[in-house]
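Here the sequence shown stands for residues 1 to 110, numbered as in my numbering.
For every residue, glycine included, the Cβ atom is placed at its ideal position computed from N, Cα and C.
Every value quoted in this text rests on a predicted model; they were computed, and no experiment measured them.
Below is one structure, written out as structure tokens; the observations come after it.
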Amino acid sequence: MIAALGLLFGIVAGLVFAPDVPLSLQNYLPIAVVAALDAVFGGLRAYLDGIFDDKVFVVSFVSNVVIAAAIVYLGDQLGVGAQLTTGVVVVLGIRIFSNVAAIRRHVFHA
């Protein structure tokens with residue numbers, strides 16, 4: 001219940017204040033969002049498997065975002081930012097789809 005209220009509050013605050021992302025961070029925001037979605041779907045899968053741990057979820061959430069952003073930053077410094085960004089999105093996308101498939105199997109008992 002608290003998480004749902006926090007999500008609702010965050011959405012409303014984002015719509016009311018309409019924050020601007022600094023130009024220097026705009027390359028990292030999509031990667032951070034995809035990494036966060038990976039952690040969320042992984043947490044939901046763990047919950048349905050009965051092995052969810054809130055501390056593991058928080059560490060996974062933060063570390064996914066930081067590591068993904070660090071990989072893209074390193075790619076930018078090496079001059080291969082677009083390639084590493086694509087790689088991160090592909091890897092996290094595969095993880096998201098495998099977690100969603102497992103969630104679907106839990107929900108539909110297939």
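Asked	Found
Where Gly6 and Ala82 are concerned, what is the direct C-alpha to C-alpha distance, given to the nearest angstrom?	34 Å
Counting beta carbon pairs with one atom in the region 82–98 and one in the region 36–49, are three or more of them shorter than 8 Å?	yes
I'd like to know whether the C-beta of Phe41 is nearer than 9 Å to at least one C-beta of chain B.	Of the protein chains in this structure there is only one, and it is not chain B.
Tyr47 by DSSP, collapsed to three states: which one?	helix
For Val62, report the span of its alpha helix (DSSP H) as first-last.	Asp54 to Leu78
How long is the line joining the alpha carbons of Val56 and Arg104, rounded to whole angstroms?	22 Å
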